[in-house]
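See structure below.
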Amino acid sequence: DALTTLKAIQIPKESSRFSGEVEFQKARLHQLLGQYREAEQAYRLAVQHSKAVSDIDLLHQINNSLATFFTTIGNYEAAEKLCEELLADKSLSENFRVTVFQNLAAIYQQTLRFDQAQTLLEQVVREDASRLGENDPDYALSLQNLATVYQRTGASQKAADVYAKALAIDAKSIGKESLS
Numbered sequence: 139d140a141l142t143t144l145k146a147i148q149i150p151k152e153s154s155r156f157s158g159e160v161e162f163q164k165a166r167l168h169q170l171l172g173q174y175r176e177a178e179q180a181y182r183l184a185v186q187h188s189k190a191v192s193d194i195d196l197l198h199q200i201n202n203s204l205a206t207f208f209t210t211i212g213n214y215e216a217a218e219k220l221c222e223e224l225l226a227d228k229s230l231s232e233n234f235r236v237t238v239f240q241n242l243a244a245i246y247q248q249t250l251r252f253d254q255a256q257t258l259l260e261q262v263v264r265e266d267a268s269r270l271g272e273n274d275p276d277y278a279l280s281l282q283n284l285a286t287v288y289q290r291t292g293a294s295q296k297a298a299d300v301y302a303k304a305l306a307i308d309a310k311s312i313g314k315e316s317l318s
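Sequential numbering of the sequence shown, starting at 139, is according to our numbering.
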């Protein structure tokens, strides 16, 4: 079982890309099992290992997952800080930057800062339209996230219009899938 596997895994003290990835996977498994203290410890070890070997891409993934973890357990301040640190990193890829924006928008929603969430999600929608095109399912998902904020702020008609646009994109995508 998963718990037995976790206990059996021994990570060498010297850092390598492999040790960072294994700690990262351990953190995610602990999180899935509801072992939040152990998950946080494994995330922090994964960060240490990835920093030690200068694996920037892995470090970005771990910090983003750690921010999501903090959001899950209600530590919004720590989650927001990690997202802001990621966004300040000039080496962050454009695609990953959009993911971090979405996560930060989720934090803003959880902390009832809908204006900030709306601003970020409107930017995500613009960037996704440019980057992915307006017929992409991921663009539709960004529209749905924005519509949710509109709905929560009382802009019901605006929310309905954006949801309808997302639904139309998703319906086209389903049609394309059935043709392949």
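Glycine included, C-beta positions come from ideal geometry on N, C-alpha and C.
DSSP places residue 276 within a helical segment (H, G or I) once states are collapsed to three. Excluding its 5 nearest sequence neighbours in each direction, residue 256 has C-beta neighbours in its own chain below 6 angstroms: 287, listed in chain order.
Excluding five sequence positions before and after residue 208, the CB atoms of its chain that fall closer than 6 angstroms to its own CB belong to 216, 217, given in chain order. Here the alpha carbon of residue 246 sits roughly 29 angstroms from the alpha carbon of residue 161. Taken in chain order, no unbroken stretch of beta strand (DSSP E) lies wholly in the segment 223-291 with a span of 3 residues or more.
Three or more Cβ pairs closer than 8 angstroms define a contact, and the segment 290-297 falls short of that threshold against the segment 264-279. Non-local beta-carbon contacts of residue 189 in its own chain, meaning distances under 7 angstroms to residues more than five positions away in sequence, involve 197 in chain order. Per the coordinates, the alpha-carbon of residue 303 lies some 33 angstroms from the alpha-carbon of residue 219. The Cβ atoms of residue 165 and residue 184 lie closer than 8 angstroms to each other.
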